[in-house]
Amino acid sequence: MDRCKGNPHKKIISILSLTGCLVLGGCLPPKTIITLPEAPLDHKTKVIVPAKQSPSEEQIKLEKLLRQLEETEQRLLETQRKTEEALKKVENATEKTDEAADRIQKAQEKIEAVERKENP
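The C-terminal residue of the sequence shown carries number 553 in the working numbering, and the numbering is unbroken.
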């Protein structure tokens with residue numbers, strides 16, 4: 434059965450009886466009872482249009498929690514990515530600092546060697 438546009442709780446139905454065809458178009462509210470006038474043996478056939486089961490409060494809460502969990506997971510992944518980038522920057526800065534310290538050490542050694550040559 435097709436759902437009505439704009440209201441998923443209502444259905445468009447088509448019904449076939451044993452003696453003929455009665456086609457009902459348009460939207461009917463849930464649990465509508467339809468009586469078919471062409472029903473055989475002088476009795477009326479009733480068709481109940483089942484209503485779409487609305488989600489329970491618990492299901493709504495669970496879906497909300499699931500969405501929150503997914504959003505939290507995305508934020509955690511983004512935080513992890515940013516943390517990894519920051520860690521790489523710190524590692525690069527540490528390497529550069531170590532290289533600079535080595536250059537300073539070598540320069541101090543050269544200065545000390547020159548001072549020893551000048552002042553024997």
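Backbone N, C-alpha and C define an ideal beta-carbon position, used for all residues, glycine too.
Alpha-carbon spacing of residue i relative to residue j, whole angstroms
i	j	result
L509	Q538	43 Å
L499	T530	46 Å
E490	K497	10 Å
E524	P488	52 Å
T527	L520	10 Å
E517	E511	10 Å
E504	K522	27 Å
Q513	E548	52 Å
R536	E542	10 Å
L502	I493	14 Å
Other residues of its chain near residue i: CB distance less than 8 Å, five sequence neighbours each side excluded
i	result
A534	none
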